[in-house]
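With UniProt numbering as the guide, the letters of the sequence shown map in order to residues 1 to 400.
C-beta atoms are modelled at their ideal positions from N, C-alpha and C, and glycine is treated no differently.
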Amino acid sequence: MNASVSIPSVLNLRPEAEQAPTSGIVDVFSYGRLKPGIIPLWVGEGDLATPPFICESAAQSLAKGETFYTYQRGIPELRQAIARYHEQVYRKAFDPERFFVTSGGMPAMQLAFRMLAGNGDEVLIPTPAWPNFAGAITVAGARPVPVSMAIDAQGWHLDFERLERAITPRTRVLVINSPSNPTGWVASHADLRAALDLARRHGLWIVADEIYSRFIHEPALTVDGRTPSFRDVMEPEDKIIFVQTFSKNWAMTGWRLGWLEAPHALGQVIENLIQYQTSGTPTFIQRAGVAAIEQGESFLADQIVRARQGREIVARLAETGLVELPPPSGAFYAFLKIKGAKSSKDIAFRLIDEANVGLAPGSAFGEAGEGYLRLCYLRKPEDVEEAVRRISEALPRLVA
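Printed below as a string of structure tokens:
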């Protein structure tokens, strides 16, 4: 999806390390992060710091001296809290033994791919897609296979005929990210059933990223205040691993705390891999996770309101006549098609220089994203309004 780093052959590195793609998101982030007055809408986080009640829980844990090695699978209190959270959101029983605490969503994803795919294996990714999917697959030794989604006036859609054609004897995994980063697409129950049927027929695992499931804006797709989930349509024997993070719901991107949900049979394998990856997530960070789940529902509700306000403001960019933007159904990103754009990376850098606004180039999300820019609108409305004003003024110059 992105070019790999050029490494002198004399260093003799493993190809899965050498071929790890460079992130086009990090490129623009690094370029503009210190620019005075920049409105930073390039990465997937809001502008609010972690709430004090979460920080205080970690501080109390540190004060108690909880700084030793801990449970590889996660402290029982957090795994139980995660199970209760799922019961509240999905309105059915969950066993804490299905949940495994990780040091962030990325380690959860890497564990999943390390279990399911390796040298010679292929993993299907509907694109445009978050570039870290391809990165995690590549460093596991497998090959990411991008499969373009379809786009029309209503937005993005899975193209199941393309997915079927992309399957080979080497295909092991199908990635489904709903709500989608970067497009805001949300899978319906019909989509999830079709993806599940495809996986069953071909003996594939599904890695499900439903991280943005609480950020739903389309009433027709809303199920009890969340998005449709594989948990609504799957059977106990289905081969699905869910990756999750505390980062988005509770403004904890810098804490590096996440979890895997997986069948019981994988428990010892996951525990072993965690041992050799991090030897467990620090207890004081896990205590913060318990506080986030048990006390953070009102904070999350406010986050969702801010996202919906930002979504409405960003829609005004279509008034420039230079932007196409089907309303995103979920998450907190606008994926803007820039009319006349030849290089989304070039426009992203020029927006930093000429408008002092940071967006992620669509090319970072695969070839299907070229000509687009991703804008994270989970910020206070005044910032989003000012960013829209600056972009609207700059775009006629950038695509002339």
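Count the other C-beta atoms from every protein chain shown that fall within 10 angstroms of the C-beta of residue i, then say buried if there are 16 or more, exposed otherwise.
i	result
Glu-210	buried
Leu-13	exposed
Gln-303	buried
Asp-95	exposed
Ser-279	exposed
Met-1	Because the pLDDT at Met-1 is just 44, under 50, the model does not fix this residue reliably, and the point stays unresolved.
Tyr-276	exposed
Thr-67	exposed
residue 421	Past the edges of the chain, shown from 1 to 400, lies residue 421, and the structure says nothing about it.
Leu-34	exposed
His-86	buried
His-217	buried
Val-305	exposed
Val-269	exposed
Gln-244	buried
Ser-103	buried
Leu-174	buried
Gly-74	buried
Gly-258	buried
Ala-368	buried
Measuring CA to CA, which of the options is closest to residue i?
i	options	result
Pro-228	Ala-301, Val-175, Val-186, Ser-180	Val-186
Trp-250	His-217, Ile-216, Gln-275, Glu-294	Glu-294
Gly-358	Pro-21, Phe-29, Pro-15, Glu-56	Phe-29
Val-323	Phe-332, Ile-313, Leu-336	Leu-336
Pro-179	Ala-134, Val-290, Arg-214	Arg-214
Gly-184	His-157, Arg-170, Val-175, Phe-68	His-157
Phe-284	Ser-57, Ile-167, Arg-390	Ser-57
Ala-49	Gly-330, Lys-248, Glu-18, Cys-376	Lys-248
Arg-114	Gly-141, Ala-129, Thr-127	Gly-141
Gly-41	Ala-360, Ala-136, Ile-241, Gly-254	Residue identity differs from the one stated: residue 41 is Leu in this sequence, not Gly. Of the candidates Ala-360, Ala-136, Ile-241, Gly-254, the one whose C-alpha sits nearest the C-alpha of Leu-41 is Ala-360.
Ser-344	Ser-363, Glu-218, Ala-93	Ser-363
Thr-222	Ser-23, Ser-392, Met-106, Ser-329	Ser-329
Met-109	Ala-400, Ala-17, Ile-274, Arg-397	Ile-274
Glu-237	Ile-216, Leu-196, Phe-100	Leu-196
Glu-319	Asp-232, Val-388, Asn-356	Val-388
Arg-98	Pro-263, Asp-353, Arg-162, Glu-385	Pro-263
Pro-131	Ala-150, Asn-181, Ala-117	Asn-181
Ile-38	Leu-198, Arg-200, Ala-355, Tyr-71	Ala-355
Arg-200	Ala-190, Glu-235, Ile-125	Glu-235
Arg-193	Thr-171, Arg-165, Arg-231, Glu-161	Arg-231
Provide the residue span of the beta strand (DSSP E) that contains residue i, from first to last.
i	result
Ser-148	143–148
Phe-99	99–102
Phe-242	240–245
Ala-334	333–338
Which of the three DSSP states is assigned to residue i in this structure?
i	result
Lys-92	coil
Glu-16	helix
residue 410	This structure leaves residue 410 out entirely; the chain is present only between 1 and 400.
Tyr-69	coil
Asp-159	coil
Trp-255	helix
Ile-82	helix
Asp-302	helix
Gly-37	coil
Ile-75	coil
Ile-391	helix
Ile-313	helix
Asn-2	The pLDDT assigned to Asn-2 is 48, lower than 50, so where the model puts this residue is not dependable; a value taken from the coordinates is nonetheless given after this. In the structure shown, Asn-2 sits in coil (DSSP, three-state: anything other than H, G, I, E or B).
Pro-361	strand
residue 443	The first residue shown for the chain is 1 and the last is 400, placing residue 443 beyond what the model contains.
Between which two residues does the alpha helix (DSSP H) carrying residue i extend?
i	result
Asn-132	131–139
Tyr-372	Counting along the chain, Tyr-372 falls outside any alpha helix (DSSP H), though it belongs to the beta strand (DSSP E) covering 372–376.
Phe-349	344–355
Phe-53	52–63
Gly-32	24–32
Glu-319	It is not in any alpha helix (DSSP H) - Glu-319 carries neither H nor E in the DSSP assignment.
Arg-379	Segment: none, Arg-379 is in no alpha helix (DSSP H) and carries neither H nor E.
Phe-113	105–116
With respect to 7 Å, is the separation between the Cβ of residue i and the closest non-hydrogen atom of the ligand MG below this value?
i	result
Gln-295	No copy of the ligand MG occurs in the structure displayed, which carries no ligand at all.
- Which runs of the alpha helix (DSSP H) fall wholly inside the region 261–293 and span at least 4 residues, in chain order? The alpha helix (DSSP H) runs of length 4 or more contained entirely in the region 261–293 are, from start to end of the chain, 267–277.
- Enumerate, from N- to C-terminal direction, the unbroken beta strand (DSSP E) stretches of 3 or more residues contained entirely within the region 169–237. 171–177, 205–209
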